[in-house]
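Asks: Using the numbering used here, you'd call the opening residue of the sequence shown number 1 and step up by one each time.
Every residue gets a Cβ at the ideal spot worked out from N, C-alpha and C, and that includes glycine.
This structure is a prediction, so every number in the text was calculated from the model and none was measured.
Got a structure for you, questions after.
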Amino acid sequence: MLYLDEGQVRRHLRLEELIPAMEKALIDFSAGKVIQPVRSVIMVDPPGGFFGMMPALTPDGLGLKIVTFYPPNAELGIPTHMATIFLVDPETGAPLAVMDGTLITEMRTAAVSAAATKLLAAPDASVLAILGSGVQARSHVGALRLVRRFEEVRVWSPTKAHAKRFAEEIGAKAMSTEDAVRDADVVVTATNSKMSILRGVWLKPGCHINAVSACRPDWRELDDDAMRNVVFVDSREAATKESGDVILSGAKIYAELGEALAGKVPPRASETTIFKSLGMAVEDIAAAMLVYRAAPATRSPR
Numbered sequence: 001m002l003y004l005d006e007g008q009v010r011r012h013l014r015l016e017e018l019i020p021a022m023e024k025a026l027i028d029f030s031a032g033k034v035i036q037p038v039r040s041v042i043m044v045d046p047p048g049g050f051f052g053m054m055p056a057l058t059p060d061g062l063g064l065k066i067v068t069f070y071p072p073n074a075e076l077g078i079p080t081h082m083a084t085i086f087l088v089d090p091e092t093g094a095p096l097a098v099m100d101g102t103l104i105t106e107m108r109t110a111a112v113s114a115a116a117t118k119l120l121a122a123p124d125a126s127v128l129a130i131l132g133s134g135v136q137a138r139s140h141v142g143a144l145r146l147v148r149r150f151e152e153v154r155v156w157s158p159t160k161a162h163a164k165r166f167a168e169e170i171g172a173k174a175m176s177t178e179d180a181v182r183d184a185d186v187v188v189t190a191t192n193s194k195m196s197i198l199r200g201v202w203l204k205p206g207c208h209i210n211a212v213s214a215c216r217p218d219w220r221e222l223d224d225d226a227m228r229n230v231v232f233v234d235s236r237e238a239a240t241k242e243s244g245d246v247i248l249s250g251a252k253i254y255a256e257l258g259e260a261l262a263g264k265v266p267p268r269a270s271e272t273t274i275f276k277s278l279g280m281a282v283e284d285i286a287a288a289m290l291v292y293r294a295a296p297a298t299r300s301p302r
């Protein structure tokens, strides 16, 4: 059985390949080609962490991601999210690989948002607003720049010093939440907020929002006005059980992103669109299989 650490995963995973792989994974999921229960979560309190298990059988592979989410880690200077992915041969059940899943989680989340942005954002979108300054904020800037040419990037973070430092790193401007969002063509919410930080009244008509945090039923990042727009999700089942943005607002889900990517429903890209991303095991398995197949030592004779 192969073990791949974060450095090895980084060498073999490319966003240019990951974005189309995520599109396929989402289409397969919405077409019923994936067996994937909603993630099972154990709360670890104290210190206030979560331990999640995410298995999936997909057309590409079989595996499990173990993920931990410990918000208090931010104060300790260590990652709030950590993960490990275990791949199994679906024909025999034999273990194939164990690999670091933290980078995969970071990259596949941004790649899924890039797929959503590619489909739902205006073709001439030029202003990007990032709410947050952590690893997901960073990964989203790189991924979204592959699908749209942004002339201006704006940043807000709850901690002004973090916002300023992040803005300097990516060539952006740090500003207030409202100033960052107003007139932006694409908005990303990637914070640890448990209450809404994005107001619908700020949104430019026809803009696109990728909401990638608030993964608990009592947490949210978007207010009720924002959630009255056209809402896409990665999984209806997961969104109605895990997403506070959907549950607490009573929002109507228009479609799964995979349905729109497959052309089964109109993307309604001329309207204001929300993509509520919770993250799915099918995405992790697809990303891990890209790494597994790219690593020379893992090439199968079959």
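What first and last residue would you give for the alpha helix (DSSP H) that runs through P71?
Replies: No alpha helix (DSSP H) contains P71, which DSSP labels as neither H nor E.
Asks: With the cut-off set at 8 Å, would you say V34 and M54 are in Cβ contact?
Replies: In this structure, V34 keeps its C-beta atom at 8 Å or more from the C-beta atom of M54.
Asks: Please say whether K276 and D225 have beta carbons closer to each other than 8 Å?
Replies: no
Asks: Who pairs with T273 in a beta bridge, going by DSSP?
Replies: DSSP, once it has assigned bridges, lists H208 and V230 as partnering T273.
Asks: Between V135 and the rest of its own chain, which residues show a CB-CB distance below 6 Å, the 5 nearest in sequence each way excluded?
Replies: E106
Asks: Go ahead and label E91 buried or exposed: buried means 16 or more other beta carbons lie within 10 angstroms of its beta carbon, across all protein chains shown.
Replies: exposed
Asks: How far does the alpha helix (DSSP H) with L131 in it extend, from its first residue to its last?
Replies: From DSSP, L131 is part of no alpha helix (DSSP H) but of the beta strand (DSSP E) over V127 to L131.
Asks: For the putative contact between V153 and A174, defined by C-beta atoms under 8 Å, what is the C-beta separation to the nearest angstrom?
Replies: At roughly 10 Å, the Cβ-Cβ gap does not stay under 8 Å, so V153 and A174 are not in contact.
Asks: Whose C-alpha, out of A110, P37, A94 and V201, is nearest the C-alpha of R236?
Replies: R236 has its Cα closest to that of P37, out of A110, P37, A94 and V201.
Asks: Please classify R304: does DSSP put it in a helix, a strand, or coil?
Replies: Lying before the first or after the last residue shown, residue 304 is absent from the chain, which here runs from 1 to 302.
Asks: Can you tell me which of the three DSSP states R302 falls into?
Replies: At R302, the pLDDT of 40 sits below 50, so the modelled position is not reliable and the matter cannot be decided from this model.
Asks: One question on the structure: do K65 and G101 come within less than 8 Å of each other, judged by their Cβ atoms?
Replies: yes
Asks: Taking the alpha carbon of M184 as the reference point, which residue from W202, V282, P158 and L146 has its own alpha carbon closest?
Replies: The residue you asked about is not Met; residue 184 is Ala in the sequence shown. If we check each option's Cα against that of A184, W202 comes out closest.
Asks: What are the residues that DSSP puts in a beta bridge with I306?
Replies: This structure cannot settle anything about residue 306, because the visible part of the chain is limited to 1 through 302.
Asks: Would you decide whether I78 is buried or exposed? Buried here means 16 or more other CB atoms lie within 10 Å of its CB.
Replies: exposed
Asks: Could you check what DSSP says for M107 in three-state terms: helix, strand or coil?
Replies: helix
Asks: Less than 8 Å between the C-beta atoms of V233 and A239, yes or no?
Replies: yes
Asks: Less than 8 Å between the CB atoms is what I'm expecting for A56 and A281, so what's the real figure, rounded?
Replies: 4 Å
Asks: Short check: CB of I170 to CB of V141, under 8 Å?
Replies: Result yes, Cβ atoms of I170 and V141 sit closer than 8 Å.
Asks: In angstroms, rounded to a whole number, what distance separates the CA positions of M289 and D60?
Replies: 7 Å
Asks: Anyone know if the C-beta pair for L18 and A161 falls short of 8 Å?
Replies: no
Asks: Applying the 10 Å Cβ sphere with the 16-neighbour rule, what's the burial state of V88?
Replies: buried
Asks: Could you tell me which residues DSSP pairs with Y292 in its beta bridges?
Replies: Paired residue(s): none; Y292 is not in a bridge.
Asks: Could you pull the DSSP bridge partners for E256 from this structure?
Replies: V233
Asks: Within its chain, find whatever has a CB closer than 8 Å to the CB of C215; leave out the 5 residues flanking it on each side and keep chain order.
Replies: These residues qualify, in order along the chain: F69, E242, S243, L278 and G279.
Asks: For the region 114–132 against the region 16–31, are there 3 or more C-beta pairs whose distance is under 8 Å?
Replies: yes
Asks: Suppose contacts are defined by Cβ-Cβ distances below 8 Å. Is A143 in contact with L15 by that definition?
Replies: Pairing A143 with L15 gives a Cβ-Cβ distance under 8 Å.
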